[in-house]
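Reading through the structure tokens given below for one structure.
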Amino acid sequence: EATAQLLEHNPRGELENFDFEWSLSDTATDAAQMRLVANLNDAAFSARGAVPAIWGIDGYTELSFDTRKQRLTGFADVDSQRLMFQLPALFNDVWSYDHINGRVAVDLDASDGLLLTLSSGVIAAESDAATGHAQFSLFTKRTSDEDVVANMELMVGISRGDIRQKSIYLPTAPAVKDSLRNLMTWLDGAILDGTAVNSGLIYRGSVLPSSNPNDRTLQLVFNVENGTLRFDPQWPVLDSLNGHVLIGDRN
56 EATAQLLEHN PRGELENFDF EWSLSDTATD AAQMRLVANL NDAAFSARGA VPAIWGIDGY
116 TELSFDTRKQ RLTGFADVDS QRLMFQLPAL FNDVWSYDHI NGRVAVDLDA SDGLLLTLSS
176 GVIAAESDAA TGHAQFSLFT KRTSDEDVVA NMELMVGISR GDIRQKSIYL PTAPAVKDSL
236 RNLMTWLDGA ILDGTAVNSG LIYRGSVLPS SNPNDRTLQL VFNVENGTLR FDPQWPVLDS
296 LNGHVLIGDR N
């Protein structure tokens, strides 16, 4: 069951310096402990449900699997020069990075449906659009009675970013509620240029399209230097602005 759940994400890439251990803990039930250690080269996983898609993973991983408990645990230390990340439940665009460094832990329990927890430490990221840090945790639950839960906490801090490329960090995916998507569309068209410093976003709550808006919260803050603002298409464009933009949920 755990293997089937993992294959749904279409894992691919190369394993180098591969080390695999298998020990039979109970001959009567064929229960076993497995451990895998390897370097990752251009590994990738496809998105499914709330789990993001990731391409270009380079690094090191340790994974352990208990066949009796149907539980997979472990971590990956990522140090990639070409990583791409997409969270289709919230964002339309792929986030591409010139350098990513950080650790992501995984805990997959397939003994009764699916319980998956992904959690990271502080991840350092560099790209043409922005330089900064991020941290996230994702919990998903699917059971035989179709009780589905998908909650995420995401914190993104941008030390310096290109305002012209801000749209990739604005949640406008089809699953996003119309009121929030409309606000993000206005923001994308209103702040045209400039540099974002010490800016970021925080998201907490469900990433299911059917979830109640009260079950999630989103805050964005942009400190803009030398910005260009078009508040309304009928108004003159303002430039050379320094300002502070704060958005809390739909306000």
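Numbering (our numbering), first residue to last: 56 to 306. Even glycine gets a Cβ: it sits at the ideal position worked out from N, Cα and C.
Under the DSSP assignment, W290 falls outside any alpha helix (DSSP H); it carries neither an H nor an E label.
N237 and S151 have their C-alpha atoms some 25 Å from each other.
In the DSSP annotation of this structure, T198 is not part of any beta strand (DSSP E), being labelled neither H nor E. In the displayed model, T227 falls within coil according to three-state DSSP, outside both helix and strand. In this structure, the beta-carbon distance from L95 to E71 falls below 9 Å. For L247 and P288, the gap between their C-alpha atoms comes out near 12 Å.
Within 10 angstroms of the beta-carbon of Q141 lie 16 or more other beta-carbons, which makes it buried. For L169, there is no enclosing alpha helix (DSSP H); the residue is part of the beta strand (DSSP E) that begins and ends at L169 to S175.
In the structure shown, T283 falls within a strand segment according to DSSP collapsed to helix, strand and coil.
In this structure Y115 touches D132 by the C-beta definition: roughly 5 Å separates them, less than 8 Å. Looking only at Q274, L273 and H299, the smallest Cα-Cα distance to T283 is reached by H299. A direct Cα-Cα distance of roughly 7 Å separates Q88 from S119. Looking from the CA of D153, the closest CA among S166, L138, A165 and D162 belongs to L138. Sorting V276, I223, P229 and V231 by C-alpha distance to the C-alpha of D183 places I223 at the top. Proximity to A99 across V92, A93, W110 and L296 peaks at W110, based on C-alpha coordinates. CA-to-CA, the gap between E280 and T186 works out to about 16 Å. Residue T128 holds the alpha-carbon nearest to the alpha-carbon of L91 among A228, Y258 and T128.
For G111, the enclosing beta strand (DSSP E) begins and ends at A108 to D121. Below 8 Å, enough C-beta pairs join the segment 205 to 218 and the segment 253 to 266 to call them touching: three or more. Here R103 carries a strand assignment [DSSP, helix/strand/coil]. Counting only the Cα atoms, E117 lies some 50 Å from S295. Excluding five sequence positions before and after H188, the CB atoms of its chain that fall closer than 6 Å to its own CB belong to V177, A179 and G212, given in chain order.
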